[in-house]
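**Q** Protein chains in written order, with UniProt numbering: chain L, 1 to 197; chain Y, 1 to 197.
For reference, the structure I am asking about is given below.
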DNA sequence: ATCATTAGTATCGAGTCGATACAAGTTGGT
DNA sequence: ACCAACTTGTATCGACTCGATACTAATGAT
């Protein structure tokens, strides 16, 4: 009875979910710390990674802003830093002159081969099979819930997109109804800002 | 065949583990962004949370340094900021005068009730049961692997510690062989720097 | 043509964070 | 008792983060 009372303060807080949150927090911190490699900052790595897997319509400052849930100002500054380091190239858009398209330089692609996040990937490979699957499913469900909550964009690939119409053959890319453009197979594997379930 | 060649560039990178890593990265970024509530910075929240669940032997700058995997300087600075905000109180140690013990103020405990990480916890509760369990197990296995890799301390609770000798009754706390001290039940639920499997 | 919206930039201030250098207390060997 | 090695923590620097605010310029809607 006394034990119950003394424990209550803790058991109240230590539900399973709070426990997972703690793991997530600590892991998050480790990932953040890891991301200082090559003289880059965590956000700079995040931007490089995003640009590396985003399709041509989605490599803009505003898309980066939305993906990383930052302010325009922060993204603008970060992009300037990356441009100064020669990792990102800005390109003006012909049709809409407010727009800027971002491209990775070859140096950036080289740097990404030493991406510190790959060290974490390698540990994921070593996980027990069921744990790895559970982790993936849990992460996805959690992330989706959080993104929905703050009305962010999901940023998925074409296969799972409402606007996508698949090609006739296996060897074909498909078509995007929203943008009215034909897609190569490679395009279909890249992230898109306009993705909708 | 052509499809294979075109895809190879992507499938090379897009193994399941890289995919999970991507989820983890984005989630990590969301957690980081969330942690600007109450005019505090992400690290400051991390420190408050740690101090809130660390036992008396573990509430020192060096333990914080080890838990968050930061440098002494960063932690020192952060603690000064928290002290200036009236959230943390430093206390000199009588036996070892190099040591500083950290305590949370009542304001800090109040602030922790609005911990932005709780918003994420609540989403964890809403997860499907098997996904939640899988997430927890996967996170723990991954975190343990990473901590082992960088030779960090695990920071567990007494129940699972090599140095712990349980009390006779349910209502008793136990004893720590390492520190040579009796533990209350409450103590046994707090994180310890000296934890060893 | 006007006016709201959207894309992006510029600047500020408090804070992060690794690096380096340092002060002070403790411990172990002789 | 002494001294070197180690540990705990602080101080300072510089590049960068990041929200806030204010701004420019292009586009779009009525």
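Note that the Cβ used here is the ideal one computed from N, Cα and C, for glycine as well.
It should be emphasised that the depicted structure is a prediction, and the values quoted were computed from it without experimental measurement.
1. When DSSP labels each residue in this structure, what does residue 145 of chain L get in the three-state scheme?
2. Could you pull out every residue in the same chain whose Cβ sits closer than 6 Å to the Cβ of residue 43 of chain Y, ignoring the five residues on either side in sequence?
3. Which same chain residues end up closer than 8 Å to residue 105 of chain Y when comparing Cβ atoms and leaving out the 5 residues on each side of it in sequence?
4. Taking the alpha helix (DSSP H) that residue 119 of chain Y belongs to, which residues open and close that run?
5. What runs of the alpha helix (DSSP H), each 4 residues or longer, lie entirely inside the region 129-182 of chain L?
6. Within the 8 Å Cβ cut-off, does residue 207 of chain Y reach chain L?
7. Could you tell me which residues DSSP pairs with residue 103 of chain Y in its beta bridges?
8. To the nearest angstrom, how far is it from the Cα of residue 101 of chain Y to the Cα of residue 154 of chain L?
9. With a cut-off of 8 Å on the beta carbons, I'd call residue 158 of chain L and residue 196 of chain L a contact; round off their distance for me.
10. Could you give the first and the last residue of the continuous alpha helix (DSSP H) run that contains residue 185 of chain L?
11. Cutting at 7 Å between CB atoms, please list the residues of its own chain near residue 55 of chain L, excluding the five before and the five after it.
12. Look up residue 197 of chain Y in the DSSP assignment and give the residues it is bridged to.
13. Using 8 Å as the threshold, is the C-beta distance between residue 34 of chain Y and residue 166 of chain Y below it?
14. Can you list the residues of chain Y that residue 105 of chain L reaches, using a CB-CB cut of under 8 Å?
15. Against chain L, does residue 136 of chain Y count as a neighbour if the rule is that its beta carbon must be under 8 Å from one of theirs?
16. Can you tell which of Y:174, Y:59 and Y:146 has its C-alpha closest to the C-alpha of residue 118 of chain L?
17. Identify the contact partners of residue 68 of chain L in chain Y, using a Cβ-Cβ distance below 7 Å as the criterion.
18. Using the Cα positions of residue 114 of chain Y and residue 183 of chain L, report the straight-line distance between them to the nearest angstrom.
19. Can a CB atom of chain Y be found closer than 8 Å to the CB of residue 194 of chain L?
20. Do you know offhand how far residue 175 of chain L's Cα is from residue 57 of chain L's?
21. Kindly indicate which three-state DSSP category residue 94 of chain L falls into: helix, strand or coil?
22. Determine the DSSP secondary structure at residue 54 of chain Y, reduced to helix, strand or coil.
23. Cutting at 7 Å between CB atoms, please list the residues of its own chain near residue 63 of chain L, excluding the five before and the five after it.
24. Of the residues L:143, L:74 and L:149, which one's Cα is nearest the Cα of residue 41 of chain L?
25. Are any of the Cβ atoms in chain L nearer than 8 Å to that of residue 33 of chain Y?
26. For residue 60 of chain Y, does the three-state DSSP call read helix, strand or coil?
**A** The answer reads as follows:
1. helix
2. Around residue 43 of chain Y: 78.
3. 86, 87, 88 and 89
4. 117-125
5. 129-149
6. Residue 207 of chain Y is absent from the structure shown; chain Y starts at 1 and stops at 197.
7. For residue 103 of chain Y, which the question treats as bridged, DSSP gives the partners Y:89.
8. 44 Å
9. That belief does not hold up - the Cβ atoms of residue 158 of chain L and residue 196 of chain L are roughly 11 Å apart, past 8 Å.
10. Element bounds for residue 185 of chain L: n/a, residue is neither H nor E.
11. 187, 190, 191 and 192
12. DSSP lists no partner for residue 197 of chain Y.
13. no
14. Within chain Y, no residue comes near residue 105 of chain L; the closest Cβ sits about 18 Å away, beyond 8 Å.
15. Yes, residue 136 of chain Y counts as interfacial toward chain L.
16. Y:146
17. At a C-beta separation below 7 Å, residue 68 of chain L has these neighbours in chain Y: 29.
18. Distance from the CA atom of residue 114 of chain Y to the CA atom of residue 183 of chain L, rounded to whole angstroms, is 46 Å.
19. With 8 Å as the cut-off, residue 194 of chain L does not count as an interface residue toward chain Y.
20. 14 Å
21. coil
22. strand
23. So the qualifying residues of the chain are 54 and 193.
24. L:74
25. yes
26. coil
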